[in-house]
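Shown next, in C-alpha cells, is the structure this report addresses.
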Amino acid sequence: MTSSTMSGTATATDTALWMEDLRVVTHDGTEILHGVSLTLFRGEILGLVGESGSGKTTAGLACLGHYRAGLAYGSGSITLCSREGEDVQLLELPEERMRRLRGSRVAYIPQDPALSLNPAIRVGEQIREVLDIHGYGSSDKERSARVAQVLEEVGLPSTPAYQRRWPHQLSGGQQQRIGIAMAFAMTPDVLILDEPTTGLDVSTQSHVLDTIRMMTQQHDVASLYITHDLAVVAELADRVAVMLRGELVEEGPVGQLLAAPEHPYTRRLLEAVPDLAGKKVLTATNELPTVSRTPGLPAETAEEPNRSPLLTVRDLRKSYGSTEVLKGVEFTLEPGQSAMVLGESGSGKTTLSRCVAGLVDDYQGVVALRGKELANSTRQRTGDQRQDVQYIFQSPFSSLNPRRTIGQSLTVPLEMSQKLPPRERRGVVEEALDSVRLSRSFYDRRPGDLSGGERQRAAIARALVNAPSILVCDEITSALDVSVQASIIALLNHLRAERGLALLFVTHNITLARHIADQIVVLNQGVIVDAGPVDEVLEHPTHDYTRQLLSNVPTL
Amino acid sequence: MSTVDLNPGSVGDDLKESATRPSRLVARIWAQKQGKVGVILTAFIVILALAGPLLAPLVTGYSPTEFADRPFQTTGIFGTDNLGRSVASRFLAGGLLLLAYSVLATALGLVVGCVIGMVAGYAGGKTDSIIMRLNDVVLAFPQLVLALLAIVVLGPQGWVLVTVIGLTHAPRVARVARAATLGVTSEDYIRAAEMYAMPRARILSREIFPNITGPLCVEAGLRLTYSIGAIASLSFLGLGMQPPTADWGLMINENRIALSIQPWGVILPVIAIAILTIGTNLLADAIARATASTNVETS
Chain A
1 MTSSTMSGTA TATDTALWME DLRVVTHDGT EILHGVSLTL FRGEILGLVG
51 ESGSGKTTAG LACLGHYRAG LAYGSGSITL CSREGEDVQL LELPEERMRR
101 LRGSRVAYIP QDPALSLNPA IRVGEQIREV LDIHGYGSSD KERSARVAQV
151 LEEVGLPSTP AYQRRWPHQL SGGQQQRIGI AMAFAMTPDV LILDEPTTGL
201 DVSTQSHVLD TIRMMTQQHD VASLYITHDL AVVAELADRV AVMLRGELVE
251 EGPVGQLLAA PEHPYTRRLL EAVPDLAGKK VLTATNELPT VSRTPGLPAE
301 TAEEPNRSPL LTVRDLRKSY GSTEVLKGVE FTLEPGQSAM VLGESGSGKT
351 TLSRCVAGLV DDYQGVVALR GKELANSTRQ RTGDQRQDVQ YIFQSPFSSL
401 NPRRTIGQSL TVPLEMSQKL PPRERRGVVE EALDSVRLSR SFYDRRPGDL
451 SGGERQRAAI ARALVNAPSI LVCDEITSAL DVSVQASIIA LLNHLRAERG
501 LALLFVTHNI TLARHIADQI VVLNQGVIVD AGPVDEVLEH PTHDYTRQLL
551 SNVPTL
Chain B
1 MSTVDLNPGS VGDDLKESAT RPSRLVARIW AQKQGKVGVI LTAFIVILAL
51 AGPLLAPLVT GYSPTEFADR PFQTTGIFGT DNLGRSVASR FLAGGLLLLA
101 YSVLATALGL VVGCVIGMVA GYAGGKTDSI IMRLNDVVLA FPQLVLALLA
151 IVVLGPQGWV LVTVIGLTHA PRVARVARAA TLGVTSEDYI RAAEMYAMPR
201 ARILSREIFP NITGPLCVEA GLRLTYSIGA IASLSFLGLG MQPPTADWGL
251 MINENRIALS IQPWGVILPV IAIAILTIGT NLLADAIARA TASTNVETS
C-alpha cells in the first residue's frame, strides 16, 4: 500500500479516511463547521458525539461528498485511502466519480431504517441493487451469492423466501440490519453510521450494535459512528470525538476520554447521562435543588383506612382491531408519588397513558381518581377531573400549534376551565412559565422560535397552569438531548417537591428509573410483568423480561 | 481548544433569536421571477378593470352603450362593434363585472368548500365518507353543465352566476381542504386541544384552519382562474352577462362574426382574459412555492 502521501500519522497504513480542517458554510456565508479534523483507522470505530445542531451529521455526510440543502463546501480536505492503495481527494472529485465511490468505497447507514428502505422493493432486491449499480462481480450468480452471504453475515436468514420479503414485514431491528447489509455489500473502506439505533429498543439496539462491531472488525472497515448517546459510544467505539457547535473539542481513546474528560463540555455531557445506579445528580444546569428520593408524602397518610389512592387503574383493556394492546393492566398511584411505566415500543405504554389522560375513548376497565371512576373521554369528564390529570406529549415539536404564540397555547386550559376571568389568565400563565424556568417574554413567541428543550418546558407549563395533581409524562425526554433531558428531569423533580405532584413517567429508558421514580411498573406486550419500588425491581427483578432489559442497558 | 459557551442546555433569561428569520410571505413571492410576473400581470388587469368604467367616456368620448358609428367601422381607437358602439369604451368598461363576479364566486366556493372539507377531514369515519361521496357525485358533473342547468332554470342574473360557479367550486376546494386537514389532525396539538375539551368548532377554526392556509391560498388562486374562465365562457354562450352590458366574454361573442374585417372587438377581450388567467395562475404557483417552505414546521 502506498502511504508516502500520508504524513503525520505513524500508522498510516491503517488510515482509511483523513479529514483535515474541514469547513462547511451555509449559502449566506455563515460557517457551520469550523475546521474539523478527523482520522479514521481500519477496523476501528470512531464515535462522533455531540448534541443536536453540533454539526456531527454535516461532518459525517461530508465524508460522502454530500451537503444538505443550503450548505456548501468551504475549505479543507478529505483523503480516502482505498483498499487498492490509491489515495483519493474526495472533495476534488468530479460528481460522476464521487457517485461511484458512494456506496462502494464509502457507505452510509441512515438513522431511520423504516424510512431509508424503499417500501416497494423486496429486501433481497434492495441489496442486489447496490451490487448491480456498482458492478459487483462478473455474473448474476456471483451477485446473488453475495446477497445471501452478506445477509448471513448480519445474522439474517439468507433463504430466497426471506429475500422476497417486503421491508414492512420486518421488525425495526431487522430493517436496520438490512441497511447494514446494504452498506457492507460492496465491502467499503469507510462506513458512516448516523445514529442507526436511535429508534430501536435496548434489546434490539444491543443486537444491532453487536452486528456493527462484528462487521467492522471482520471486514477491516473504518467506521464513523455518529450519535448523541454516550452510553452507546462507551460500549461500541474505540475512540471518541466530541463536537460542540461545529468544532471538535476533544478526541481520544474511549476509556481515557470517558474516565478523564479534559474539556468542560465533555464533562458536562457525561454528567447528564442517566445511570442505572442513580448515583449521579441530574442537575446539569446546576440551578435546581436536588430532591431527596423519598416520596413526597410519606407512608403515614397511606395508612388511613378507607382512603382510596389518588389514581387507580383496574383491569384496563384496549384493543386496536383484533390486536389486544392492553390486557388487564392494574396499578395505583398515591399522592406525591412518582411511578415509572417502563416498556419497549409496542408494549402499550403510550396507550396506557392516553387511557389515563382520557385521550383514548374506547377502553374497557376502570380508571379512577380518588376512588371516583373517570369517564373514558375527556369531554365527558368533569372540569375538575380534567384539571387534575394533565398529560404531556412525547414530541415537543408537534404538541404546540406552530401558528399560535406560546401564551395563546398555554391559556387554552384556563380558557376551557372557565374558572378565571380573562384578565387574570395572563398572570397565571406567566407564573407557570416562571416555574418551568422560561422567561416571561416567551409569552409572545411562537414555537418555531424555540429549541426542543424550550418547547418541552412550554408544554410542561401548559400542564401546570391548571395546578394538577397528576402529571402523565409520555416519553417526554426521548426526543431531547441528554443535557436537556437532565434539566427536564431536574425540573420535574423540583416541581414534584414544590407542588406535591404525582408523576406517571412513561419511558423506554430504564436508566432514568432511579432519577425520577419511586415506583416502577414494567409493561411487556400489554401485561405488567414486574412492579414495585424502584430499588426492589432493579435489584431483584422477578420476571425474565425485566432481567433481559437490565442486561441490555448500555452503560458508561 | 477554544472558548465556547458551555451552556447549550441552559435555560437563561436571554431569549434566543432565530438566526434566520423567514422573510415575509409577500417578500418571498416577489423574490421569485414568476411571482413578479404574476403580480404585475394581475395588477395590470385589475387596475384596468377597476379604473376602466370611469375612464371609458373620458378616453373615447363615448359611453359603453352609446352609438359611435355604423357597425364594424374603424372610427376611434379600436373601431366600432356589431351595433356601432365604441370597442375601446366597451373594452374598458367590460372587465369590472367579470372580475367582481369571479372574485365573489371564488370566495363563496372557498368558504363552503373549506367548511365541508375541514369537517370531513376532522370528523373522519362515516361523516367523512358520506360527505366525500356526495362530493364525488357533484364532481361527476362538468362544472359548466351544472352552471348551464341552473341558469336555464333560474335565469341569467348576477347572483345566480356567482352562486352556481361558487358552489361548483366547493367540492374541488373541499378535497384540498380535507387532505390538508388530515395532515394536521394527526399532530399532537390537536390532541392537546381535545384533551382540554375545546369545542370542536373552535378546534377547527383556531387550531386547524391557520395551519392549512398554505394549500388553501394556492387553491384560491387556481379557483379564481377557473371562475374567470367559467364566467367568460358563460357570457360567450349568452348565459352570463346580458346585452347591452359591456363584458369581455360577451364582446367576443358579439364581434366574432367580423373577426376578419374588425378584429379588435375580439382580440382585446381575449388578450385581457388571457393575461388575467396567466397572471393569477403564476401568482398562485408563486404563493404555493412561498408557503411550502415555511408552512410545515421542520424539527
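Protein sequences, first through last, are from chains A and B.
With the working numbering, the residue at position 156 of the first sequence is 156, and numbering never jumps.
With the working numbering, the residue at position 161 of the second sequence is 161, and numbering never jumps.
Even for Gly, the Cβ is constructed at its ideal location relative to N, Cα and C.
Bear in mind the structure is a predicted one, so any value in this text is a computation, not a measurement.
- Cβ neighbours of A/LEU257 within its own chain (closer than 6 Å, five residues either side excluded): VAL240.
- Taken through DSSP and simplified to helix, strand or coil, A/HIS219 comes out as helix.
- Per DSSP, the continuous alpha helix (DSSP H) segment holding A/GLU424 begins and ends at 422–435.
- Taking the C-beta atoms as reference points, B/ARG178 is found nearer than 8 Å to B/GLY117.
- For A/HIS34, no alpha helix (DSSP H) run applies; the uninterrupted beta strand (DSSP E) run containing it begins and ends at 31–41, by DSSP.
- For A/GLY383 and A/LEU310, the gap between their C-alpha atoms comes out near 17 Å.
- The region 512–529 of chain A and the region 354–374 of chain A do not touch, with fewer than three beta-carbon pairs separated by less than 8 Å.
- It is roughly 27 Å from the alpha-carbon of A/VAL254 to the alpha-carbon of A/GLY155.
- When the five nearest sequence neighbours on each side are left out, the beta carbons in the same chain lying within less than 8 Å of the beta carbon of A/SER54 are those of MET243, LEU244, ARG245 and GLY246, in order along the chain.
- Burial check for A/THR30: the Cβ neighbour count within 10 Å stays below 16, so the residue is exposed.
- With a contact defined as Cβ atoms closer than 8 Å, A/SER483 and A/LEU269 qualify at about 6 Å.
- In summary, A/HIS27 is exposed, with fewer than 16 beta-carbon neighbours lying within 10 Å of its beta-carbon over all protein chains present.
- Sixteen is the threshold: when 16 or more other Cβ atoms of the shown chains lie within 10 Å of the Cβ of B/TRP248, as they do, the residue is buried.
- Under the three-state reduction of DSSP, B/ARG206 is assigned to helix.
- Selection A/LEU115, A/ILE78, A/HIS134 and A/GLY50 evaluated against A/ARG100 yields A/HIS134 as nearest (Cα-Cα).
- Only those residues of the region 191–202 of chain B whose C-beta falls short of 8 Å from the nearest C-beta of chain A are listed: ARG191, ALA192, ALA193, GLU194, MET195, TYR196, ALA197 and MET198.
- With respect to the 8 Å criterion, A/CYS355 and A/LYS327 are not classified as neighbours on the basis of their beta carbons.
- Our two residues, B/PRO53 and B/ALA232, have alpha carbons roughly 18 Å apart in a direct line.
- Against B/ASN135, chain A offers no close residue; the least beta-carbon distance is about 27 Å (beta-carbon pairs closer than 9 Å).
- Among the bridge pairs identified by DSSP, B/LYS126 is matched with none.
- Taken atom to atom, the span from the alpha-carbon of B/GLY221 to that of B/ALA27 is near 18 Å.
- One Cα belongs to A/ARG404, the other to A/PHE397, and the distance between them is close to 13 Å.
- Assigned with DSSP and collapsed to three states, A/GLY321 falls in coil, not helix or strand.
- In this structure, B/ILE77 lies near B/THR60, with their beta-carbon atoms less than 8 Å apart.
- Between A/GLY179 and A/TYR67, the alpha-carbon positions lie close to 21 Å from each other.
- Each of B/ALA192, B/ALA258 and B/MET241 was checked against the Cα of A/LEU410, and the nearest Cα belongs to B/ALA192.
- Sequence-ordered contacts of the region 367–392 of chain A with chain B read THR378, ARG379, ARG386 and TYR391 [C-beta pairs closer than 7 Å].
- Collapsing the DSSP output to three states places A/LEU93 in coil.
- Counting only the Cα atoms, A/ALA339 lies some 54 Å from B/HIS169.
- Distances from the CA of A/LEU400 to each of B/MET241, B/THR225, B/THR185 and B/THR245 were compared; the closest alpha carbon is that of B/THR185.
- Taking every protein chain shown into account, the CB of A/TYR320 has fewer than 16 other CB atoms within 10 angstroms, so this residue is exposed.
- As a beta-bridge residue in DSSP terms, A/CYS81 pairs with A/ASP87.
- Contact check for A/GLY172 and A/THR211: beta-carbon distance about 14 Å, past the 8 Å limit, so the pair fails to qualify.
- For A/GLU454, the enclosing alpha helix (DSSP H) has its first and last residue at 452–464.
- Taking C-beta separations shorter than 8 Å and ignoring five residues to either side along the sequence, the partners of A/VAL429 in its chain run GLY407, LEU410, THR411, LEU414, TYR443, ALA461 and VAL465, following chain order.
- Pairwise C-beta distances place the region 58–74 of chain B in contact with the region 87–96 of chain B, as three or more of them are shorter than 8 Å.
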